[in-house]
Amino acid sequence: SETPVKDPTVNAVQTELTQQGYYNGPVDGIYGPATRDAVAKYQIAKGLDVTGSLSPDTLQSLGLPQSAAS
């Protein structure tokens, strides 16, 4: 079984979404279903394109640097 890659950008997103009340899972740097749901809720709330992924717009809205991760 492959170990999911821990991504520092995901970690930062999880931390930010936790502080804003969208995410209540573990801050583990792994982009799982709970993180995807939280990102989608955030995107809906902010009027962003709801992709459930860490789009540049989403990262910018969160005040985070845009990573190369898609």
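Numbers 15 to 84, taken from the working numbering, label the letters of the sequence shown in order.
Note that the Cβ used here is the ideal one computed from N, Cα and C, for glycine as well.
Opening and closing residue of the alpha helix (DSSP H) in which residue i lies
i      : result
Tyr-56 : 47–60
Val-24 : 22–33
Beta-carbon contacts of residue i that lie in its chain and below 8 angstroms, excluding the five residues immediately before and after
i      : result
Gln-74 : Gln-80
Option nearest residue i by Cα separation, candidates the options
i      : options                : result
Ala-48 : Asp-71, Val-24, Pro-70 : Val-24
Ala-52 : Tyr-36, Ala-59, Pro-70 : Tyr-36
Val-19 : Gly-43, Thr-29, Glu-30 : Gly-43
Buried versus exposed call for residue i [16 or more other C-beta atoms within 10 Å across all chains shown]
i       : result
Thr-33  : A quick correction: the sequence has Gln, not Thr, at residue 33. Exposed, since its Cβ has fewer than 16 Cβ neighbours within 10 Å.
Ala-59  : exposed
Thr-138 : There is no way to answer for residue 138, as the model of the chain reaches only from 15 to 84.
Glu-30  : buried
Inter-residue CB distance, residue i and residue j (contact presumed, cutoff 8 angstroms)
i      : j      : result
Glu-21 : Tyr-45 : According to the sequence as given, residue 21 is Asp; it is not Glu. The Cβ separation is near 7 angstroms, so the contact holds.
Val-27 : Leu-78 : 7 angstroms
Nonlocal neighbours in the same chain, by C-beta distance under 6 angstroms from residue i, ignoring five residues either side
i      : result
Ala-54 : Val-64, Gly-66
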